[in-house]
């Protein structure tokens with residue numbers, strides 16, 4: 001690369017008309033670009049150049065921009081700009097220099113507006129003393145620059161320097177005004193925005209920027225809040241039809257990007273029309289958040305107040321109902337003792353407005369006086385929360401005495417001052433009556449208890465007496481049995497002698513006795529035998545009753561027993577001329593019982609039957625009741641029979657029907673009594689069926705198997 | 710066993726009328742009779758006389774019939790002599806007590822003389838048939854009631 005000062009241009013050969021036209025154009029043009037393009041076109045038309053371009057400093061003078069060109073085919077250099085602080089660039093050096101320089105083979109690392117890297121750079125300036133405002137670049141004719149090109153450069157330079165210098169002055173003044181305006185709108189505390197009709201931001205003051213613009217370093221939340229605010233603002237603008245001149249007011253809810261809280265604004269916007277740049281919208285936002293909140297709070301407290309009032313009213317009403325529903329009178333008195341509140345039952349006692357009766361009014365007054373004295377007692381007793389007492393009242397309507405229990409409680413203020421006394425009265429009439437009845441009951445109970453104790457003691461005494469009597473009786477009974485047993489022994493011994501000697505006399509042991517003597521001896525003998533039989537029977541009964549008749553159970557057949565009994569009574573049967581038969585109905589099993597006692601019963605029954613049957617027959621029948629497991633032995637005769645009314649008596653002691661024939665029939669009259677006793681011992685029974693003149697049937701029923709004792 | 714012409718019966722009975730009645734009837738019936746009025750006498754007389762049979766009342770003074778029987782049955786000299794207990798007490802226990810004491814038979818008063826004699830005869834017959842079986846060579850026979 002080589003830089004040399006350009007040689008002086010040769011003499012112009014261009015006619016003066018073309019130059020005049022160019023100069024005239026420049027005089028009418030106030031536009032730098034327009035002037036530059038005209039200059040390039042003029043050069044191309046009148047001078048043999050291949051490429052030409054004009055670079056001009058921008059407003060602030062920081063860089064050079066390409067404003068006009070010719071012959072540059074590549075689109076890449078359209079956006080050419082060269083920073084002024086790139087001082088090593090030959091073009092920047094050319095700008096600060098005063099002479100036209102010839103640049104040959106511009107280094108590749110330096111950007112170049114021309115494709116040819118060898119060209120002339122002509123500084124554009126008013127005169128040599130002033131700084132350049134740009135460069136005219138020309139390549140083509142050769143090393144030497146012709147005079148016309150130099151002329152164009154000088155002419156354009158003067159024109160450009162004039163234009164840019166005036167522009168710079170204007171811009172400086174405009175900038176100052178602008179800064180003033182900015183500071184004014186920034187001083188306004190309300191956010192102010194200038195937008196287009198779509199809401200796109202053009203100018204905003206700092207308060208508005210806080211809401212709608214997020215700086216680079218802003219958090220994600222901030223950025224999102226700003227975006228949201230923009231959206232809300234645009235929507236607010238678009239939804240409202242903003243008239244051409246009128247002021248629109250509406251509320252706008254935005255988000256505080258830093259706090260995240262809601263902010264309520266009043267949005268005032270109006271349109272501003274600019275002839276050149278179209279229609280704008282100026283918006284002012286006024287923060288009314290606190291105002292709205294305060295309003296809401298006032299409304300809320302008012303609502304709360306209304307609700308509380310209603311509740312108090314309801315509560316009061318409920319309380320009245322509750323107090324009135326209590327059957328006991330309730331009164332509230334103030335510290336002066338005056339009644340401030342009472343329920344309906346209390347009113348009946350202390351307040352009788354409807355009453356005409358003089359006596360009733362007097363009673364009401366008396367009640368009031370009694371209550372007052374009670375309450376004054378309560379008032380003088382400081383420190384006690386509860387006070388209980390009894391008051392004598394009177395029912396105003398009927399004059400009935402009304403003793404009541406009064407229970408008073410004090411209500412203190414927050415300062416501990418006595419405010420009210422609440423008194424509840426409880427009717428004691430019933431309680432007193434109950435207590436009286438209870439006392440009576442208690443006395444009766446005590447009396448009863450005393451009597452019971454007396455009776456119990458007496459009973460115990462009697463029991464003891466009875467027990468002793470029982471023991472004595474038992475001893476007596478034992479003694480009696482023993483006595484009877486002994487007595488029978490003592491009876492037997494002489495009787496034994498009587499019978500023995502009589503027997504010996506009758507058997508002629510001591511010599512032949514005469515017939516009358518024999519008759520007498522026979523009487524003695526039979527009476528002694530009767531006496532013996534009586535003694536034996538009494539002994540049997542005694543033994544049974546003393547429980548000294550042991551049972552000895554064996555197994556035997558009833559038929560065998562029949563045979564035995566029959567043969568034992570054979571002499572009597574023969575003498576009687578009766579037919580005695582034995583029968584068995586069905587199968588009769590062996591019996592397990594006390595054989596001796598069963599035999600004694602059957603013997604007795606048969607001998608009775610023989611005794612009381614003048615003619616006919618006696619039948620002994622054995623049968624078995626399978627269901628009851630009982631053996632029945634029936635002794636049936638065709639004798640005199642027993643009248644129904646006597647059928648029970650025959651089993652009693654010493655009973656023989658019609659005492660006179662008893663002797664005739666013989667026997668002790670104890671037989672059936674013993675039989676029944678024996679049968680009972682054996683868990684059996686003896687029954688009788690009989691009719692006068694048609695004979696009798698005695699039936700012994702025994703369990704087939706005696707139970708073990 | 711006896712060499713006596715008449716079998717000897719010892720009647721032990723404290724009640725004199727009864728004792729003499731039985732004695733009279735036994736003699737009338739052809740028996741030899743000895744008498745005792747109490748238990749001690751009964752034991753002594755049995756040991757002294759060795760009767761063919763003893764008729765023993767149980768309720769006796771000085772020594773009762775049960776005790777006397779026990780002694781006689783305990784004595785080898787008198788053990789073989791049959792004893793017929795005689796009692797007025799029909800109460801249970803008397804008969805058992807008598808058998809336990811060793812009595813061979815038991816008769817309840819009142820007992821007619823001929824019933825008593827029949828019982829004595831039965832026991833003596835039983836006794837002689839036993840001894841006959843034991844000593845077949847013996848020719849002595851109990852004399853029977855005429």
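Chains as they are written, first to last, in the working numbering: chain A, 1 to 709; chain B, 710 to 855.
Where is the CB? At the ideal position from N, CA and C, for every residue including glycine.
Short CB-CB distance (under 8 Å) between residue i and chain B
i	result
residue 669 of chain A	no
residue 713 of chain A	Missing from the structure shown is residue 713 of chain A; chain A here goes from 1 to 709 and no further.
residue 496 of chain A	yes
residue 554 of chain A	no
residue 681 of chain A	no
residue 522 of chain A	no
residue 505 of chain A	no
residue 513 of chain A	no
residue 492 of chain A	yes
residue 509 of chain A	yes
residue 499 of chain A	yes
Alpha-carbon to alpha-carbon, residue j and residue i
i	j	result
residue 385 of chain A	residue 362 of chain A	32 Å
residue 675 of chain A	residue 600 of chain A	8 Å
residue 576 of chain A	residue 604 of chain A	16 Å
residue 389 of chain A	residue 427 of chain A	12 Å
residue 400 of chain A	residue 349 of chain A	12 Å
residue 564 of chain A	residue 752 of chain B	40 Å
residue 176 of chain A	residue 93 of chain A	32 Å
residue 189 of chain A	residue 285 of chain A	10 Å
residue 450 of chain A	residue 467 of chain A	25 Å
residue 342 of chain A	residue 307 of chain A	28 Å
residue 723 of chain B	residue 745 of chain B	8 Å
residue 493 of chain A	residue 727 of chain B	8 Å
residue 499 of chain A	residue 525 of chain A	6 Å
residue 788 of chain A	residue 624 of chain A	The displayed coordinates of chain A run from 1 to 709. Any statement about residue 788 of chain A would go beyond what the structure contains.
residue 723 of chain A	residue 137 of chain A	The shown model of chain A, from 1 to 709, leaves out residue 723 of chain A, and the question about it has no answer.
residue 174 of chain A	residue 182 of chain A	12 Å
residue 398 of chain A	residue 367 of chain A	14 Å
residue 691 of chain A	residue 641 of chain A	5 Å
residue 678 of chain A	residue 776 of chain B	34 Å
C-beta neighbour in chain A for residue i, strict 8 Å
i	result
residue 822 of chain B	yes
residue 765 of chain B	no
residue 818 of chain B	yes
residue 724 of chain B	yes
residue 772 of chain B	no
residue 737 of chain B	yes
residue 733 of chain B	yes
residue 727 of chain B	yes
residue 830 of chain B	no
Whole-Å CB distance - residue i paired with residue j, under 8 Å assumed
i	j	result
residue 717 of chain A	residue 139 of chain A	As shown, chain A starts at 1 and ends at 709. That puts residue 717 of chain A outside it, with no answer to give.
residue 375 of chain A	residue 410 of chain A	About 10 Å; that fails the 8 Å criterion.
residue 281 of chain A	residue 252 of chain A	That belief does not hold up - the Cβ atoms of residue 281 of chain A and residue 252 of chain A are roughly 14 Å apart, past 8 Å.
residue 113 of chain A	residue 55 of chain A	7 Å
residue 491 of chain A	residue 535 of chain A	5 Å
residue 203 of chain A	residue 194 of chain A	4 Å
residue 26 of chain A	residue 35 of chain A	6 Å
residue 638 of chain A	residue 613 of chain A	6 Å
residue 610 of chain A	residue 602 of chain A	Incorrect: roughly 12 Å between the Cβ atoms, too far for contact.
Inter-stretch contact (C-beta, 8 Å, three-pair minimum) for the region 200-215 of chain A and the region 248-262 of chain A: Output reads yes: the region 248-262 of chain A touches the region 200-215 of chain A.
What runs of the beta strand (DSSP E), each 3 residues or longer, lie entirely inside the region 752-822 of chain B? With a minimum length of 3 residues, the continuous beta strand (DSSP E) runs that stay inside the region 752-822 of chain B are 762-766, 792-796 and 814-817.
Is the region 512-520 of chain A close to the region 555-563 of chain A, with three or more CB pairs under 8 Å? no
List, from N- to C-terminal side, the alpha helix (DSSP H) runs of 4 residues or more that fit wholly inside the region 14-91 of chain A. 16-28 and 32-46
So, does the region 680-691 of chain A touch the region 718-732 of chain B, judging by three or more C-beta pairs under 8 Å? no
Compile a chain-ordered list of the residues in the region 526-551 of chain A whose CB is closer than 8 Å to at least one CB of chain D. Here chain D cannot be found, since the structure's protein chains are A and B.
Stretch-stretch touch, CB-based, cutoff 8 Å, three pairs: the region 464-482 of chain A with the region 525-533 of chain A: no
Are the region 806-816 of chain B and the region 788-796 of chain B touching, with three or more C-beta to C-beta distances below 8 Å? yes
Within the region 210-274 of chain A, note down every full beta strand (DSSP E) run reaching 3 residues or more, in order along the chain. 248-255 and 262-274
Pairs of beta-carbons, one from the region 421-437 of chain A and one from the region 332-342 of chain A, closer than 8 Å: are there three or more? yes
Evaluate contact between the region 813-833 of chain B and the region 733-750 of chain B, counting only Cβ atoms and requiring at least three cross-stretch pairs below 8 Å. A contact exists between the region 813-833 of chain B and the region 733-750 of chain B.
Only counting runs of 4 or more residues, tell me where the alpha helix (DSSP H) segments fall wholly within the region 516-575 of chain A, in order along the chain. The alpha helix (DSSP H) runs lying completely inside the region 516-575 of chain A and spanning 4 residues or more are 558-568, given in chain order.
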